[in-house]
């Protein structure tokens with residue numbers, strides 16, 4: 009859930025910056041970098057993921073069409089095109105979190121879990137602060153046994 013919220017926030021920031029770039033003057037360096045092209049061959053192996061590729065994926069997910077550049081010239085229109093999707097997505101995530109069955113709590117750090125098995129796999133921060141000899145299940149050096 010936290011990962012989804014972070015992805016949503018990053019998507020929002022990328023789309024905000026894209027709109028800002030579209031409204032920039034033509035001679036500005038950030039705009040030149042986004043819309044520029046270097047006549048050079050791509051490296052061997054899989055191509056590296058670029059910011060441009062990530063933004064294209066974000067626009068596809070949020071339903072922004074190919075005429076995004078003209079829409080982005082008006083800040084309010086641009087924000088309305090993608091913010092509706094993000095707000096609906098956020099509400100869905102919040103509903104999932106509220107409906108989650110959280111009933112297991114760690115007595116040391118008060119972290120909540122859905123299942124007892126999740127709590128069993130959890131290494132509490134209080135446990136990690138102990139010296140290694142006192143930690144439950146901690147790996148010790150096989151050579152010197154410390």
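Residue numbers (this note's numbering): 9 to 154.
Positions of the beta carbon are idealized from the N, C-alpha and C atoms, including for glycine.
Item, Value
"Length of the line joining the Cα atoms of residue 59 and residue 86", "19 Å"
"Buried versus exposed call for residue 90 [16 or more other C-beta atoms within 10 Å across all chains shown]", "buried"
"Identified DSSP bridge partners for residue 121", "112"
"Residue 47, enclosing alpha helix (DSSP H) - first and last residue", "Here residue 47 belongs to no alpha helix (DSSP H), and DSSP marks it neither H nor E."
"Start-to-end residues for the alpha helix (DSSP H) that takes in residue 66", "59-70"
"Residue 76 versus residue 15 - alpha carbon distance", "21 Å"
"Alpha carbon of residue 71 to alpha carbon of residue 65, nearest angstrom", "10 Å"
"Given residue 61 as reference, the closest of 19, 53, 31 and 36 once Cα atoms are compared", "19"
"Which of helix, strand or coil DSSP assigns to residue 126", "helix"
"Distance between residue 93 and residue 36 (C-alpha atoms, nearest Å)", "30 Å"
"Beta-carbon proximity check, residue 63 vs residue 40, cutoff 9 Å", "no"
"Span of the alpha helix (DSSP H), counted from its first residue to its last, around residue 41", "37-43"
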